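Sequence lines, in order, name chains A and B.
Each residue of the first sequence is one higher than the one before, counting from 292 in the numbering used here.
Each residue of the second sequence is one higher than the one before, counting from 95 in the numbering used here.
Ideal Cβ positions, reconstructed from N, Cα and C, are used throughout, including at glycine.
Values in this document were obtained by computation on a predicted structure and should not be read as measured data.
Written out below as structure tokens is the structure these notes cover.
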Amino acid sequence: GAGVSQSPRYKVAKRGQDVALRCDPISGHVSLFWYQQALGQGPEFLTYFQNEAQLDKSGLPSDRFFAERPEGSVSTLKIQRTQQEDSAVYLCASSPGTGGAGYTFGSGTRLTVV
Amino acid sequence: GQNIDQPTEMTATEGAIVQINCTYQTSGFNGLFWYQQHAGEAPTFLSYNVLDGLEEKGRFSSFLSRSKGYSYLLLKELQMKDSASYLCAVRERSQGNLIFGKGTKLSVKP
């Protein structure tokens, strides 16, 4: 597609529920990043894929967070047993992976845990 | 450690010029980025500096001094639509992730 697509746009989960957030990167983009953005804050890095390989997951806040990109294209961020502190916007970005300036962000999924 | 600082909020008048500063302390440096983010929307790319100096793009310019760990974004001829958050971000290594500051919320008033 022309841009990075994320779904769902909004998600309300009850505390303890599992959620799955999807990211469709720009076709051909090698690198894919997930970020978490709390209200009024900058995006915080969660994890990074190069093709299907997860090269960095140092930003994942706990073992309840899991991300995958099995075929090197679409990625899913899964959060198990959601807690109120997980409420945030989850942003996905992709880039060609050539080291330039071409990071493109999706509009994000706003997760609210009640 | 990593630290990126920028002012939390700024206010400016339509038609004026505003400068948003960013200072950074990171383990490595492979580029500084500025993004604009309207509420509820995706961050959109504004500028990228990897060498010292000024990069100009229309009404927007960005400056970098690597020795001082300092950048600024200059917005000229402000328009109401420029009201948004402006995010400063540093990439520590080639092809790596971006480390963001907390963002500067700019309000443009008539």
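Bounding residues of the beta strand (DSSP E) (the contiguous stretch that carries residue i)
i, result
"Lys302(A)", "Tyr301 to Ala304"
"Tyr394(A)", "It is not in any beta strand (DSSP E) - Tyr394(A) carries neither H nor E in the DSSP assignment."
"Gly147(B)", "Gly147 to Lys151"
Nearest to residue i (by Cα), restricted to the options the options
i, options, result
"Lys151(B)", "Val202(B), Leu169(B), Gly195(B) and Ala110(B)", "Leu169(B)"
"Arg187(B)", "Asp347(A), Ser364(A), Glu343(A) and Tyr326(A)", "Asp347(A)"
"Gly195(B)", "Pro204(B), Val184(B), Val144(B) and Leu172(B)", "Val184(B)"
"Leu402(A)", "Arg313(A), Gly294(A), Ser349(A) and Ala293(A)", "Arg313(A)"
"Lys369(A)", "Asp377(A), Glu362(A) and Gly363(A)", "Asp377(A)"
"Gly331(A)", "Val380(A), Tyr394(A), Val405(A) and Val404(A)", "Val380(A)"
Length of the line joining the Cα atoms of residue i and residue j
i, j, result
"Arg300(A)", "Ser165(B)", "33 Å"
"Asp146(B)", "Cys116(B)", "14 Å"
"Phe139(B)", "Cys182(B)", "10 Å"
"Arg355(A)", "Asp99(B)", "30 Å"
"Ser366(A)", "Pro101(B)", "34 Å"
"Phe357(A)", "Glu335(A)", "16 Å"
"Ile317(A)", "Ala392(A)", "15 Å"
"Phe324(A)", "His132(B)", "20 Å"
"Ser349(A)", "Asn191(B)", "11 Å"
"Arg372(A)", "Gln189(B)", "32 Å"
Test item: CB-CB of residue i and residue j under 8 Å
i, j, result
"Thr120(B)", "Leu172(B)", "no"
"Ser398(A)", "Ala136(B)", "yes"
Bridge partner(s) assigned by DSSP for residue i
i, result
"Lys203(B)", "Thr107(B)"
"Ala315(A)", "It should be pointed out that residue 315(A) corresponds to Asp in this sequence rather than to Ala. For Asp315(A), which the question treats as bridged, DSSP gives the partners Ser296(A)."
"Lys348(A)", "In DSSP, Lys348(A) forms no bridge with anything."
Residue i CB to nearest heavy atom of the ligand SAM below 7 Å
i, result
"Ala379(A)", "The ligand SAM is absent from the structure shown, which contains no ligands of any kind."
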